[in-house]
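Notes follow the structure.
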Amino acid sequence: MIWRSVVGKIWGTILLLVSVVLFFLTILLLQFFENFHISEVEQQMTGIGNKVSQMISKSHNEKETLKTVSEIIDAYSARAVVIGDHSTYWISPKANKLPKLSERFFNNDPSLSNVMKAHKHVIKQGDFTLINNGEKTHSKMMVVGVPLTFHSGEKGAVYVYQSLDVIKQATNQAKKIIYISAGIAIILTTFFAFFLSTRITAPLRSLKEAALRVSKGKFDLTVPVLTKDEIGELATTFNRMANRLKTNITELNQEKEQLSGILNGMADGVMTFDRDGRLLITNPPAKRFLYAWRYEQEEDEHPERVPEPVANLFTQVVENEKKQVAEMNSQGRTWVILMTPLYDQNQSVVRGAVAVLRDMTEERQLDQLRKGFIANVSHELRTPISMLQGYSEAIIDDIAGSEEEKKEIAKIIYDESLRMGRLVNELLDLARLEAGHFQMNKTEVVLGDFFEKAVGKFNTLAKEEHIHLELAGPNQRDGVYIFDPDRIEQVITNLVDNAIRHTDKEGSVTVEVDDQDKGLFVRVTDTGSGIAQEDLPFVFERFYKADKARTRGKAGTGLGLAIAKNIIEAHQGKIMVNSKIGEGTTFTFYLPRKLKKI
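Take the sequence shown: its position 581, counted from the start at 1, is 581 in UniProt numbering, and no numbers get skipped.
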């Protein structure tokens with residue numbers, strides 16, 4: 001709508017103002033011209049009356065004088081009546097269709113008949129009732145009475161009258177001119193107002209379009225400065241504001257990127273919450289913590305939900321406005337959470353909270369390892385050494401009575417020596433892997449053939465244990481990867497052997513191979529007894545053994561998973577474990593894609 005725009009408002013305001021002024025000016029001019037014409041006619045008729053009165057008073061030849069008077073009166077479109085001694089002395093000939101008034105008309109009107117008595121001028125106008133030939137008529141006229149003294153000394157009066165239609169015609173002409181002038185003025189005002197409002201609003205429209213672009217985040221613009229008035233100053237100020245906004249937004253983005261880089265590079269997890277407890281910002285360590293907790297709680301349908309201990313900690317921080325410290329376990333890892341309140345700019349109202357999560361599992365694990373390493377090595381060596389010592393003494397003391405018993409004792413001594421050798425070799429391998437001195441022979445490997453061979457050698461063992469062993473994938477069986485086949489096979493052997501040993505009869509073990517663009521993912525999943533939550537952080541450590549009752553007399557050295565972890569990390573990959581008691585365990589390792597031999 002044009003009336004809602006600035007153009008329409010300015011245009012309408014100017015037009016209304018000019019129209020009101022012209023309206024009152026027209027009324028005043030019309031009144032002025034009407035009064036002016038009436039005044040002019042009064043003066044004119046009074047002058048005629050005085051002139052006629054003077055001519056008749058001084059004239060000795062009345063006929064010639066009256067003839068001259070008739071010519072004068074006809075020139076002014078009026079009629080005259082000369083009355084003397086209360087009788088009509090003379091009436092001018094008919095002119096301009098004016099009625100012929102008799103002496104009775106003047107004698108019946110007190111104000112007119114008073115001219116001869118009081119001998120003074122009388123001017124009267126209005127709607128007169130006239131009687132002509134016995135009929136009454138109405139006519140709007142102006143009558144001027146002037147006293148007269150004849151040459152003989154007789155007193156009389158000269159009455160000059162004229163129809164008001166003549167004045168009305170003159171007034172109508174003036175009105176017509178005024179109306180035409182007012183119309184032309186309104187038209188010119190309309191064009192001028194529209195032109196002026198357009199000139200004023202053109203830079204405003206430019207500012208509006210620029211403001212819309214700024215609201216959409218487009219700050220690379222400049223509003224042209226066309227004038228040096230207030231609108232020009234507004235355009236200049238707007239350009240400065242846009243440049244300042246661009247600078248501020250750039251600085252904010254830089255600070256945001258810097259903060260994001262700092263958060264992503266932190267080893268500790270960070271989570272921020274608003275006043276209502278909604279999770280706003282997380283970094284990768286915090287996301288791993290939340291993923292582990294959701295995996296354990298099976299609540300993936302609410303990805304924005306935070307753990308209850310964290311939510312309770314947030315409530316305490318907001319209510320007490322003090323930092324709070326708590327500790328919680330998730331998937332066998334220990335997290336220490338420090339949460340502090342966030343205030344607004346005035347430091348008066350808590351607008352949220354920030355939580356810092358530190359994974360303390362490694363520290364506690366190292367403490368435990370330092371305490372248990374000597375004990376574990378001593379325990380692992382004590383049994384075979386004791387058996388070697390005992391059976392050796394039996395041979396020395398000739399306790400074995402037959403050759404078969406001696407061979408059986410020798411076989412036990414041989415097996416235990418092999419066990420000690422494997423333990424020492426695995427310790428040496430693990431030490432070399434951790435020291436970075438382990439030799440890796442990386443080569444191109446066809447995935448399909450490799451995994452069929454690595455998993456297929458367990459088919460017989462799985463059948464003997466009545467366990468269903470399945471290989472799923474890889475999706476590209478002829479795909480080629482670069483890694484050390486012997487070492488990766490050692491990892492698969494360890495994981496599959498552990499899965500079979502910890503799975504009950506009629507259970508299943510699945511090896512899933514997923515060849516993706518960013519790397520190779522291998523998952524070994526069983527439906528076995530699972531790993532306790534408190535044991536999960538230590539499964540990749542040396543000499544780790546879970547509940548020995550679940551190993552069914554087939555306990556290993558406790559170094560296999562530690563060696564597997566170091567082999568995967570030597571390939572620049574990662575290995576992880578997820579497990580639930582009574583439901584099974586999933587080991588997952590990832591190998592990055594290599595385009596050439598390293």
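Think of the CB as a built atom: it goes at the ideal place given N, C-alpha and C, for glycine as much as any other residue.
Residues that residue i bridges to, as DSSP identifies them
i, result
"Trp335", "Met328, Asp359"
"Lys124", "Val143"
"Glu309", "First, the amino acid is wrong: residue 309 is Pro here, not Glu. According to DSSP, Pro309 bridges with nothing at all."
"Gly269", "Leu357"
"Glu233", "Answer is none; Glu233 lacks a bridge partner."
"Leu342", "Gly352"
"Ile482", "Glu444"
"Leu148", "Gly156"
"Leu471", "Val511"
"Asp274", "Gly352"
"Ile91", "Val81"
"His502", "Partner(s): none; His502 has no beta bridge."
Environment of residue i [buried if 16+ CB atoms lie within 10 Å]
i, result
"Val524", "buried"
"Ile180", "exposed"
"Val424", "exposed"
"Glu154", "exposed"
"Gly553", "The pLDDT assigned to Gly553 is 40, lower than 50, so where the model puts this residue is not dependable; a value taken from the coordinates is nonetheless given after this. Looking at its Cβ environment, which holds fewer than 16 other Cβ atoms inside 10 Å, Gly553 is exposed."
"Val20", "exposed"
"Glu64", "exposed"
"Ile488", "buried"
"Ile184", "exposed"
"Leu591", "buried"
"Thr585", "buried"
"Ile581", "exposed"
"Arg593", "exposed"
"Ser53", "buried"
"Val513", "buried"
"Ser579", "buried"
"Arg333", "buried"
Span of the beta strand (DSSP E) around residue i
i, result
"Asn578", "574 to 580"
"Lys155", "155 to 163"
"Val522", "519 to 526"
"Pro592", "584 to 592"
"Leu561", "No beta strand (DSSP E) holds Leu561; the alpha helix (DSSP H) holding it covers 560 to 570."
"Val509", "508 to 515"
"Gly84", "79 to 84"
"Leu226", "Premise fails: Leu226 is in no beta strand (DSSP E) and is neither H nor E."
Integer Cβ distance of residue i from residue j, believed to fall under 8 Å
i, j, result
"residue 616", "Asn50", "Outside the displayed span of the chain (1 to 598) sits residue 616, for which this structure offers no information."
"Asn283", "Leu263", "4 Å"
"Ser92", "Val115", "Their Cβ separation, rounded to whole angstroms, is 17 Å, which puts Ser92 and Val115 out of contact at 8 Å."
"Phe587", "Leu471", "Not quite, the Cβ-Cβ distance comes to about 15 Å (not below 8 Å), so this is no contact."
"Val317", "Pro341", "5 Å"
"Ser529", "His468", "That pair is no contact at about 17 Å."
Through-space distance from residue j to residue i, alpha-carbon basis
i, j, result
"Val534", "Gln368", "This sequence places Glu at residue 534; Val is not what is there. Distance between the alpha carbons of Glu534 and Gln368 is about 13 Å."
"His37", "Val82", "25 Å"
"Asn441", "Phe483", "8 Å"
"Leu15", "Thr190", "6 Å"
"Ile385", "Ile413", "9 Å"
"Phe521", "Thr493", "16 Å"
"Ile167", "Gln125", "12 Å"
"Gln365", "Gln331", "15 Å"
"Tyr159", "Trp90", "10 Å"
"Thr551", "Glu257", "Legend: pLDDT at Thr551 = 43, less than 50; position of this residue unreliable, value from coordinates given subsequently. Spanning the two alpha carbons is a distance of roughly 51 Å."
"Ser206", "Val223", "7 Å"
"Ser59", "Leu22", "54 Å"
"Tyr343", "Ala454", "59 Å"
"Ile568", "Lys406", "44 Å"
"Ile231", "Met241", "15 Å"
"Lys565", "Ala394", "42 Å"
"Ser152", "Ile27", "52 Å"
"Trp335", "Leu559", "26 Å"
"Thr460", "Ile399", "39 Å"
"Gly448", "Gln476", "8 Å"
"Val511", "Lys463", "16 Å"
"Ile73", "Lys117", "25 Å"
"Asp415", "Gly421", "10 Å"
"Ile178", "Leu164", "21 Å"
"Arg351", "Leu280", "12 Å"
Unbroken alpha helix (DSSP H) run spanning residue i, endpoints
i, result
"Val455", "447 to 456"
"Leu280", "Run containing Leu280: none in the alpha helix (DSSP H); it sits in the beta strand (DSSP E), 279 to 282."
"Thr460", "459 to 464"
Contact with chain C by residue i, beta-carbon distance below 8 Å
i, result
"Gly560", "Considering every chain present, this structure includes no chain C. It has just one protein chain."
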